[in-house]
Amino acid sequence: MDDVSDILDPLNAAQREAVSAEPGRVLVLAGAGSGKTRVLVHRAAWLARVHHASPWSMLAVTFTNKAAAEMRGRIERLLGFSANGIWAGTFHGLSHRLLRRHWQEAGLRDGFQILDSDDQRRLIKRVIRSLDLEESRWPPRQIQSFINAAKDRCERPADMVVNDAHGAVLRDIHTAYQAACERGGQVDFAELLLRSYELLRDNPSLASRYQEQFQHVLVDEFQDTNSLQYAWLELVAAGARDFFVVGDDDQSIYGWRGARVEHIRQFTNDNPDTRLVRLEQNYRSSGHILGAANALIDNNDGRLGKQLWTAGSAGEPVEVYGAFNELDEARFIVQRIEQAIGEGFDRSELAILYRSNAQSRVFEETLLERGIPYRVYGGLRFFERAEIKDVLAYFRLIRQPRDDASFERVVNHPPRGIGGKTLDLLRSQARSSGVSLWEAAELAVTERSLPARACQALARFVALLQTLAEESGNLPLGDAIAMISTGSGLREVYAADRNDRGESRLENVDELINVAARYEANREPDPEMDAATAFLAHAALEAGEGQADGWQDCVQLMTLHSAKGLEFRWVFLAGLEEGLFPHRMSIEEPGRLEEERRLCYVGITRARERLTISSAEKRRLHGEERHATPSRFIHELPSEHLHEIRPRVSVRRPGGVSGMPSSGWQPQPGLALGARVSHARFGDGVVTNLEGHGADARVQVNFDAVGSKWLVTALARLTTL
DNA sequence: CCATCCGCAGTTTTT
DNA sequence: CTGCGGATGG
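For what it's worth, this note's numbering labels the leading residue of the first sequence as 21, then goes sequentially.
If you want it as structure tokens, here you go:
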């Protein structure tokens, strides 16, 4: 037998059991921090070493590019040779690869382009207009999610059951949208999956080729699969000796976008021989944190059941802080952050997690005030920036003139006298003769079928693109993009924008040129795709990091959803209030409430050493001050794992909040929250916050004349009114 | 073609 | 209170 000590020795018993299970169906229920990626990676190595599985017989599927890259890298490191032969990637990346190979059988065009959500929405908008429908009655956003949801259920417009006029219109829009995609050679994200699924489903001989090839199928984050992805997997893995999936029902937080936890159950039900392994030993969090997490998630019904435990120490109890308002909450957290940095924590080991993006603002302001570097996750990513999409639209149009979406994007950007009128005429000509906008433009120019002015402008545009195509044709990718960004006139437009926006746009375009050049240089030769096609697909499928800033040691701010899969030494979980978290939209339905609870569980289990949870009694939301009670999730945490930082002070709530002591604590008689006070210099105001004890006690007062101030009560000589 | 104003919505997000 | 998108007017 081959030496497998390097593969098995670093594992605990359960991990070993999973990794060395006989080939077959294996479901690994992997709790948070239980080493799930490690198990996946070691399983791949085990198959290679012990079962002599060749890399090309393995298919490893993940949801994000990041996870795919990590898995590939770790397999290579463990095996000590290149894992290049492994088909490792995201559902979308792998589907894309299949479709490029078999574009003809899939009924696509050579060189088809990928629409990202933004492109998709623009196209839907145009379709709605072309059907003479009101955008206000048929909001593009909703239509977009309708279409994507249909595709995620493997449903084509023809399959749709129509009960009423509304449904009929939806179906018409979907049909027209799909037709527009076919004409333009465009494929949206959901279509990548559905098309590749149909490709295999409808071509049994092709399917069996892949089913024979993929003897070992490994899937990460299985609880996040939607119906289409589940069907895709079952089809692709139909011939596999070995089907190894890893997931955690307690971390299923994407139900709202079609993920179905039930797939975990279905996986075992569909095949009773499935081997089940639970990973319950947690290597990440200290005891109190785990205790809190376990107790919280225990409130959910119908779990597959796991109880995390740690061999490590109990650590610090979970801190719970009841803030007066969101500003107080931010100040408290930032103060803790300063303390942590003082204790030697790296800033990047500290994370503030929140339910919704709007909450980041106060934290940003407070961190800025204190001069602490931070990074907010989410937001616009590199390839989603308008200037990048502009340049790439020129590039796309040159390579695929049928691409109406790109045509519309660039035809009058920069402005060149091709306005709405001209475009309307052009669109109707294109539609009536069944050609693309580009072809219609060429025709209009030669046949002078439009007003002279419009023809001139169009002729200039057509000539410009032909020139760009010729001159960029043989250049390396980076040079071609540089050429196009200048030749199109875009660069000039950004340069003319003297706001600092223009400057950053120019920088981004330069960065695009670098990225493209680097991409081409590092790329393995691929017979299926030229570099330009591959780069454009890369731009759509991997939108790039959130902020392209150079790496520096920053406090991390992100939503709970973005935090999944990450860990930090100290986690601050902010805004645990009824209505915010759990969110008011999710409180009514038990299923959605449980998903919120899982989200909270995900948040808690991100913490390694320390966890601080906070709520605010008042919060400014949508411009108005709202009252909030602490989240039920706080009350679900056992007090033996908690440490309350300060008695919760409560305004106008005599009994206090259930479970939370409410004290009438006052630094000085009459100085209670909400009390009206007077100060010699600042005038009259209202007490909005209290903190500290004895000589250090401070109050925050919102003065009518001069605004909010913190005052040390021992010195300020406040008189109550 | 651009600037400006108004109205409206406002969980979570990857590909 | 924001920020976006659309309509409007110069």
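Ideal Cβ placement from N, Cα and C applies to all residues, glycine included.
Span of the beta strand (DSSP E) around residue i
i: residue 80; result: 78-82
i: residue 338; result: 338-345
i: residue 5; result: As displayed, the chain neither begins before 21 nor continues past 741, which places residue 5 out of reach and without an answer.
i: residue 31; result: Premise fails: residue 31 is in no beta strand (DSSP E) and is neither H nor E.
i: residue 487; result: Segment 472-492 is the alpha helix (DSSP H) holding residue 487; no beta strand (DSSP E) there.
i: residue 635; result: 627-641
i: residue 50; result: 45-50
i: residue 406; result: Per DSSP, residue 406 belongs to no beta strand (DSSP E); it is in the alpha helix (DSSP H), 406-419.
i: residue 696; result: 696-699
i: residue 372; result: 370-374
i: residue 662; result: 662-664
i: residue 236; result: 236-239
i: residue 736; result: Premise fails: residue 736 lies in the alpha helix (DSSP H), 733-736, not in any beta strand (DSSP E).
i: residue 110; result: 107-110
i: residue 601; result: Per DSSP, residue 601 belongs to no beta strand (DSSP E) and is neither H nor E.
Assumed close pair residue i, residue j - CB separation to whole angstroms, cut-off 8 Å
i: residue 74; j: residue 100; result: About 16 Å; that fails the 8 Å criterion.
i: residue 49; j: residue 238; result: The Cβ separation is near 15 Å, so there is no contact.
i: residue 352; j: residue 343; result: 6 Å
i: residue 333; j: residue 307; result: 6 Å
i: residue 489; j: residue 135; result: At roughly 22 Å, the Cβ-Cβ gap does not stay under 8 Å, so residue 489 and residue 135 are not in contact.
i: residue 248; j: residue 174; result: 5 Å
i: residue 209; j: residue 112; result: 6 Å
i: residue 697; j: residue 741; result: 6 Å
Residues near residue i in its chain [Cβ-Cβ closer than 6 Å; skip 5 each side]
i: residue 432; result: 438
i: residue 508; result: 414
i: residue 139; result: 425
i: residue 421; result: 458
i: residue 674; result: The pLDDT assigned to residue 674 is 33, lower than 50, so where the model puts this residue is not dependable; a value taken from the coordinates is nonetheless given after this. So the list is empty, once near-sequence residues are dropped.
Element boundaries [alpha helix (DSSP H), containing residue i]
i: residue 427; result: 424-430
i: residue 263; result: Segment 262-267 is the beta strand (DSSP E) holding residue 263; no alpha helix (DSSP H) there.
i: residue 149; result: 137-150
i: residue 647; result: Per DSSP, residue 647 belongs to no alpha helix (DSSP H); it is in the beta strand (DSSP E), 644-647.
i: residue 817; result: Since the first residue shown for the chain is 21 and the last is 741, residue 817 is missing from the structure and cannot be characterised.
i: residue 256; result: 247-256
i: residue 217; result: 209-222
i: residue 161; result: 160-172
Cutoff 8 Å; reference residue i; Cβ partners in own chain excluding five residues on either side
i: residue 548; result: 117, 120 and 121
i: residue 639; result: 345, 346, 595, 597, 600, 645, 646 and 648
i: residue 477; result: 436, 437, 438 and 442
i: residue 152; result: none
i: residue 331; result: 301
i: residue 221; result: 227 and 255
i: residue 234; result: 77, 78, 79, 107, 256, 257, 259 and 260
i: residue 27; result: 39, 62, 65, 66, 69 and 98
Residue i, buried or exposed, once every other Cβ within 10 Å from all chains shown has been counted against 16
i: residue 168; result: buried
i: residue 703; result: exposed
i: residue 616; result: buried
i: residue 181; result: exposed
i: residue 123; result: buried
i: residue 495; result: exposed
i: residue 225; result: exposed
i: residue 732; result: exposed
i: residue 568; result: Unreliable placement is indicated for residue 568, whose pLDDT of 44 sits below 50; no coordinate value is reported for it.
i: residue 72; result: exposed
i: residue 466; result: exposed
Chain-order list of residues whose beta-carbon lies under 7 Å from that of residue i (same chain, five-residue window excluded)
i: residue 664; result: 340
i: residue 191; result: 177, 180 and 182
i: residue 468; result: 475
i: residue 749; result: Residue 749 lies beyond the range of the chain shown here (21 to 741); nothing can be said about it.
Requested in this report: Check whether the segment 131-148 touches the segment 205-216, taking contact to mean three or more Cβ pairs, one atom from each stretch, closer than 8 Å.
Outcome: yes
Query raised in the report: Are three or more beta carbon pairs between the segment 323-339 and the segment 627-646 nearer than 8 Å?
Result: yes
Query - Touching by the beta-carbon criterion (3+ pairs, under 8 Å), the segment 413-427 and the segment 586-606 - result: no
Query raised in the report: Hey, is the segment 509-527 in contact with the segment 535-548, meaning 3+ C-beta pairs nearer than 8 Å?
Result: no
Report task. Answer yes if the segment 585-592 comes into contact with the segment 362-373, meaning at least three C-beta pairs across the two stretches below 8 Å, and no otherwise. Result -> yes
Query raised in the report: Is it true that the segment 23-40 meets the segment 50-63, where meeting means three or more beta-carbon pairs spaced less than 8 Å apart?
Result: yes
Query raised in the report: So, do the segment 155-166 and the segment 459-471 have three or more beta carbon pairs nearer to each other than 8 Å?
Result: no
Query raised in the report: If you pair each beta-carbon of the segment 619-627 with each one of the segment 299-313, do three or more pairs fall below 8 Å?
Result: yes
Report task. Take every Cβ of the segment 285-301, pair it with every Cβ of the segment 177-188, and state whether three or more of those distances are shorter than 8 Å. Result -> no
Requested in this report: Give a yes or no on contact between the segment 240-259 and the segment 269-276, applying the rule of three or more CB pairs nearer than 8 Å.
Outcome: yes
Query - Three CB pairs or more closer than 8 Å across the segment 216-226 and the segment 249-257 - result: yes
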